[in-house]
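Notes follow once the structure below has been shown.
Residue numbers (full-length UniProt numbering): 1 to 268.
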């Protein structure tokens with residue numbers, strides 16, 4: 001601003017020194033007209049600059065609002081992702097608990113089968129002994145008892161086969177469920193890793209946006225300071241031009257007085 005004031009003062013001094021010692025009224029009027037034209041041009045350029053600065057401020061405010069809206073949307077997306085991760089963690093915990101429960105049931109079934117089988121063998125032996133005693137005392141019913149014994153043996157074999165088949169089916173079901181749960185657990189682990197990566201990326205983007213917002217705020221502050229400096233410089237220039245205009249008016253009056261005195265001396 002000091003440099004511009006100095007230039008303004010030099011410009012005014014140059015204008016003053018360029019004036020002839022005795023100027024006519026028309027030349028002074030043309031000088032005033034040129035000065036007024038320059039002042040009008042300066043104020044017009046100043047208004048254009050102020051309008052441009054205002055538009056830039058409005059554009060900056062719009063961009064800042066857009067950044068704030070993007071930050072808000074990212075925060076909402078982070079909230080939704082956090083809820084999704086919590087749901088996946090709860091579901092994973094539920095699957096883990098189901099696996100443990102099914103393993104416990106399977107072990108109980110195996111223990112039950114292991115304890116029931118000796119009891120069944122003892123029962124069969126007792127039945128065989130009783131059948132032999134019956135055969136010893138009842139020769140007439142020998143064929144019927146033999147048939148009954150065959151039926152019992154066949155039933156026992158079918159029961160064993162059925163139990164073995166059930167055990168095999170249970171083992172296959174447990175293996176299939178374990179494989180399925182392992183695949184689901186792997187899938188959930190992959191999804192959890194992807195969500196974790198996404199959250200890290202979103203956190204990084206949020207930090208980047210915060211940095212941009214802070215930079216934008218600093219730029220806005222600097223722009224406001226620059227606008228204030230320009231306004232101060234404009235006020236100073238207006239004062240300088242007003243002083244120059246007053247000086248020219250005084251010189252114009254002095255010229256008129258000299259012209260009047262000159263005409264009076266010529267008449268005398």
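Ideal placement from N, C-alpha and C gives every residue a C-beta, glycine not left out.
Note that the structure is a prediction, hence the values are computed from the model and not measured.
Query, Result
"Return the Cβ separation of residue 223 and residue 57 in integer angstroms, given the expectation that the two are a contact with Cβ distance under 8 Å.", "7 Å"
"Could you check if residue 157 is buried or exposed, using at least 16 other CB atoms within 10 Å of its CB as the buried criterion?", "exposed"
"Determine the burial state of residue 242: buried for a count of at least 16 other Cβ atoms within 10 Å of its Cβ, exposed for fewer.", "exposed"
"Looking only at its chain, what residues have a beta carbon closer than 7 Å to the beta carbon of residue 253, apart from the 5 residues adjacent to it on each side?", "none"
"Taking the alpha carbon of residue 205 as the reference point, which residue from 67, 178, 36 has its own alpha carbon closest?", "67"
"Could you tell me whether the region 38-58 touches the region 180-188, where touching means 3 or more Cβ pairs closer than 8 Å?", "no"
"Is the Cβ-Cβ distance between residue 221 and residue 63 less than 9 Å?", "no"
"Rounded to the nearest angstrom, what separates residue 196 and residue 203 at their Cα positions?", "10 Å"
"Confirm, please, whether the CB-CB distance from residue 261 to residue 49 is below 9 Å.", "no"
"Going by CA-CA distance only, name the one from 59, 257, 172 that's closest to residue 219.", "59"
"Count the other C-beta atoms from every protein chain shown that fall within 10 angstroms of the C-beta of residue 24, then say buried if there are 16 or more, exposed otherwise.", "The pLDDT assigned to residue 24 is 44, lower than 50, so where the model puts this residue is not dependable; a value taken from the coordinates is nonetheless given after this. By the neighbour-count rule (16 or more Cβ atoms within 10 Å), residue 24 is not buried but exposed."
"Since residue 35 and residue 237 should fall inside the 8 Å C-beta cutoff, what is the C-beta to C-beta distance between them, to a whole number of angstroms?", "About 13 Å separates the two Cβ atoms, so there is no contact after all."
"Work out the CA separation of residue 55 and residue 278 for me, nearest whole Å.", "Lying before the first or after the last residue shown, residue 278 is absent from the chain, which here runs from 1 to 268."
"Can you tell me whether residue 182 is buried or exposed? The criterion is at least 16 other CB atoms within 10 Å of its CB, across all chains shown.", "exposed"
"I need the straight-line Cα distance from residue 76 to residue 207, nearest angstrom please.", "15 Å"
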